[in-house]
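Trainee:
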Amino acid sequence: MSDASYEELRAKLNHKKQELTERLSRISANLRRGYEADSKERAKQLEDNEVVDALGNEARAEIAKISAALRRMDSGEYGNCVECGLPIEEGRLDAYPYADECIECAEFDERRRARE
Ligand SMILES: [Zn+2]
6 MSDASYEELR AKLNHKKQEL TERLSRISAN LRRGYEADSK ERAKQLEDNE VVDALGNEAR
66 AEIAKISAAL RRMDSGEYGN CVECGLPIEE GRLDAYPYAD ECIECAEFDE RRRARE
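Per the numbering used here, the very first residue in the sequence shown carries number 6; after that it's consecutive.
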């Protein structure tokens, strides 16, 4: 990968990370408001909070993946599969820039999870 597209990708990942961090703080603010609701509303709001919380977890998981990808960029390991060490397919990185596994390893993991 060229230095220019590397920097571009790093900027894109940082931007995405910031977006997710902002979304996460909005989600947290909504959650806190929910807890201040009066008791009549509380059951419904706890239900909403579960949905909001799931969204929060999703955002947190994505932030963690992006942070890991940025760390791999710094250490020069970016673009190699963490499982088998082979380069990750470029098309996969285009579609999923913080992928840490090549397609074979990712599919292997998926199959393993499906069996559990
Ligand atoms: Zn692999």
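The beta-carbon is built from N, C-alpha and C at its ideal position, and this holds for glycine as well. Note that the structure is a prediction, hence the values are computed from the model and not measured.
May I ask you to check if the CB of E121 is nearer than 8 Å to at least one heavy atom of ligand 1?
Mentor: Checking the Cβ of E121 against ligand 1 gives no.
Trainee: Taking one C-beta from the region 79 to 86 and one from the region 60 to 69 each time, how about it: are there three or more such pairs within less than 8 Å?
Mentor: The region 79 to 86, when compared against the region 60 to 69, does not touch it at the 8 Å Cβ threshold.
Trainee: What distance in whole Å lies between the Cβ atoms of A73 and D105, which are believed to be in contact at a cut-off of 8 Å?
Mentor: Indeed, because the Cβ distance is near 6 Å, the residues count as touching under 8 Å.
Trainee: Could you check if L91 belongs to the surroundings of ligand 1, using beta carbon to heavy atom distance under 8 Å?
Mentor: Yes, the Cβ of L91 comes within 8 Å of a heavy atom of ligand 1.
Trainee: Where does N54 land, buried or exposed, given buried means 16+ other C-beta within 10 angstroms?
Mentor: Flag for N54 reads buried.
Trainee: When you compare only the Cα positions, how much space is there between I93 and I108?
Mentor: Between I93 and I108, the C-alpha separation is close to 7 Å.
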